[in-house]
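In my numbering, the protein residues as written are 8 to 764. Comments concern the structure below.
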DNA sequence: GTAAGCCGACTTTTT
DNA sequence: GTCGGCTTAC
Ligand SMILES: Nc1ncnc2c1ncn2[C@@H]1O[C@H](COP(=O)(O)OP(=O)(O)OP(=O)(O)O)[C@@H](O)[C@H]1O
């Protein structure tokens, strides 16, 4: 332990503040020093919530209120966890290593390994990824003769996961909770899915938390052990916790009550994953006597950026409401720029990046933040052309690539013989002549004997159920796995991996492949071996793969960052580019269709998160046309643009576009260049309608412009720009009466609604 | 049992 | 325009 801190002054000593308290304003310091009892730091973006948490960790440890391993600190992403550990380490040294700091899932996995047997698992359980989950569920659907066309596995899995997010195990559900889904059998399918996971000695992501909560609820002695252990609990991004996470925290904190959560209801962007804004809204009821600290000074952004974000988010209802101010003077307005299409957008952003670079701004302080992962693509292409180094966060992750997963499946099967999903994945990769028929035989044997596939395979090989060729192939495969399992004792993980890739013929398979991707895949296999080298044991590596989906990139080169708005939460950049602000893209149409007004508000929070990532410069772009599903569509500027304060934005449009817009909502988007004058609007409509322009233009905008109103039937589901989804109650020519889910009964023109799913 | 080729879905967001 | 899943032909 580091003793150089022992003679630090007591907290509260007026002079000579310890360094970790120096960079804090009075309310922040208040939050750090209120160590006992529940504390909620409720504050807007950039007010130093995360700084409070790191300082609090340092404070607790340096004042010896707790040893590092007696503190539980929870973050949302692995990156946030890493960053927090680094920052605390900078203040307190290597002791930071011993803090129980990580994501909900990583911490839950660590606890579950210790007590797995209490929920019928072995401590070696595998953690399944989405791919495995889906394959498992599909098998169950097949066995139950559920029509997958009608009930896509993805959809059903989604429902099951939402149940898990809410802490609902199958026994807590009644048959009716599944509704009509899958012929009313969804709850039963869920039960089968869970039963199957136990046989496979496996967990999915949701189970990690669900199981540990079950254990805490059913084994008070185990819970008591952790009450003694964890004296302080700290939670980042509390607004995005779901019900299980909340239950878990409450169980752990109920004894000491020393829980400090930080969050911002305006940054809640994970409702689609089961996050409950309610958790933060009712914190003081869950933890009576909670101290609520509000932080109001924003240290990150300039005044115009803050004003833009604040004005936008004010359009949401049911907010807790927060004040935000800055003492920063000046600052450029938020630039809002209209362009013709996606490639012009990419070109302009690329040019601006280069121009900023020439002015001495580093690429590392810039980011392009998009609504959906696929949108990074056009920028990648442009940046590649310009030779601007970039990195993409998220997207297709290293450990999710097919060849990497295959290789890992070999390791999984060696570590955990019951891992059927790994078994199936590689039993015939590379081709060994074990096809569908053989696999079905194995499955039947496994189901019959209640065994995992590999165990059943031994029995089958000993019998004469398979044709000689297949029997030989299966037997050879089992022997190989056994041998590698023996080798695993003596070799390093990297050596083992290399040997497996070599001896299994997996590398050879890709070497023989002459498709253009093959070299890249071989390269990834080499990269995998490098990744494995960093781990001491096979289980440690596999745990990492399951929980940390990204591979830490170690480039020294300055790069611009491309990522989704979701991934950007908690980060900050001098310059932020926000492309794709068009109706349907952002706010995302599906979000609107599926969750109506709630979805819109979450989209708006996402926009708020986006703008508030910027310290000095924010650029918002919207394109008039985009190719979506290989079809050209004309798009209206996002309604969020009309929600920005005129005084703090600087509107412009690319040549040939000026004035060519109409407001996308009834709230007039009346910026300088967007006069919305009839003549401009007509010219725009004419341009769209002109067949000579080539690309097929479809979509709502056309319908609005040409005045064609489709016929609607009573009872039909429709979508309206402003009111969301609803059901037609009366159809009178082009006048409709619609009962909207969020907005109630309204009279609308047929031209302003469209058919909804 | 395997490979090629066709068809349809896909673009939300992540631990 | 691309990917994955399924069918078909060998
Ligand atoms: N008291 C302070 N004095 C000066 N700068 C500060 C202070 N507190 C925080 N900052 C700086 O303000 C910025 C935002 O801090 P931080 O990331 O902790 O905010 P946050 O509330 O977690 O933001 P968000 O919710 O947007 O993620 C950081 O650059 C941080 O260094």
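Cβ coordinates follow ideal geometry from the N, Cα and C atoms, glycine included.
{"Query": "Could you name the residues of the same chain whose beta carbon sits closer than 6 Å to that of residue 487, not counting the 5 residues immediately before and after it, in chain order?", "Result": "none"}
{"Query": "Is residue 579 near ligand 1 - that is, is its Cβ less than 7 Å away from at least one heavy atom of it?", "Result": "yes"}
{"Query": "Would you be able to state if there are at least three C-beta pairs under 8 Å between the region 348-359 and the region 548-558?", "Result": "no"}
{"Query": "Once the 5 residues before and after residue 466 are set aside, which same chain residues still bring their CB inside 8 Å of it?", "Result": "452, 456, 458"}
{"Query": "Could you check how far apart the C-beta atoms of residue 100 and residue 302 are, in whole angstroms? I think they sit under 8 Å.", "Result": "That pair is no contact at about 27 Å."}
{"Query": "Give me the Cβ distance between residue 645 and residue 593, rounded to the nearest whole Å; I'm assuming they're in contact under 8 Å.", "Result": "6 Å"}
{"Query": "Answer yes or no: the CB of residue 435 versus the heavy atoms of ligand 1, is any distance below 7 Å?", "Result": "no"}
{"Query": "Given the structure, does residue 32 come close to ligand 1, in the sense that its CB is under 7 Å from one of the ligand's heavy atoms?", "Result": "yes"}
{"Query": "Counting along the chain, where does the beta strand (DSSP E) carrying residue 629 start and finish?", "Result": "621-635"}
{"Query": "Distance, Cα to Cα, residue 83 vs residue 244?", "Result": "7 Å"}
{"Query": "Tell me the start and end of each unbroken beta strand (DSSP E) in the region 179-248 that is at least 3 residues and wholly inside, in chain order.", "Result": "239-242"}
{"Query": "Less than 6 Å between C-beta atoms, sequence neighbours within five positions excluded: which residues of the same chain meet that for residue 626?", "Result": "342, 584"}
{"Query": "Looking at the secondary structure, which residues open and close the alpha helix (DSSP H) in which residue 146 lies?", "Result": "137-150"}
{"Query": "According to DSSP, is residue 595 helix, strand or coil?", "Result": "strand"}
{"Query": "Can we say the region 228-242 touches the region 159-172, given the rule of at least three CB pairs closer than 8 Å?", "Result": "no"}
{"Query": "Decide if residue 391 is buried, meaning its Cβ has at least 16 other Cβ atoms within 10 Å, or exposed.", "Result": "exposed"}
{"Query": "In angstroms, rounded to a whole number, what distance separates the CA positions of residue 1 and residue 241?", "Result": "This structure does not reach residue 1, given that the chain is present from 8 up to 764, and the question cannot be answered."}
{"Query": "Given this structure, state the Cα-to-Cα distance separating residue 174 from residue 256, to the nearest angstrom.", "Result": "13 Å"}
{"Query": "Please state whether DSSP places residue 255 in a helix, a strand or coil.", "Result": "helix"}
{"Query": "Looking at residue 119 and residue 428, is the spacing between their C-beta atoms short of 8 Å?", "Result": "no"}
{"Query": "What is the C-beta distance between residue 163 and residue 196, in whole angstroms, given that I count them as a contact (C-beta under 8 Å)?", "Result": "7 Å"}
{"Query": "Once you ignore the five residues that flank residue 330 on each side, which residues in its own chain have a CB closer than 6 Å to its CB?", "Result": "303"}
{"Query": "Where does residue 600 fall in DSSP's three states?", "Result": "helix"}
{"Query": "Identify which residue in 35, 612, 222, 579 has its Cα closest to the Cα of residue 324.", "Result": "612"}
{"Query": "Does the distance from the C-beta atom of residue 370 to that of residue 396 stay below 8 Å?", "Result": "yes"}
{"Query": "Which residues mark the beginning and the end of the beta strand (DSSP E) in which residue 102 is found?", "Result": "Where residue 102 is concerned, there is no enclosing beta strand (DSSP E), given that its DSSP letter is neither H nor E."}
{"Query": "Measure the Cβ-Cβ separation of residue 297 and residue 335 and say whether it is below 8 Å.", "Result": "no"}
{"Query": "Using the DSSP secondary-structure output, state which residues sit across from residue 33 in a beta bridge.", "Result": "Paired residues: none, contrary to the question."}
{"Query": "Check whether the Cβ of residue 603 sits closer than 7 Å to any heavy atom of ligand 1, and report yes or no.", "Result": "no"}
{"Query": "I want to check one thing, is the minimum distance from the CB of residue 55 to the heavy atoms of ligand 1 below 7 Å?", "Result": "yes"}
{"Query": "Within the continuous beta strand (DSSP E) that includes residue 171, where are the two ends?", "Result": "Premise fails: residue 171 lies in the alpha helix (DSSP H), 160-172, not in any beta strand (DSSP E)."}
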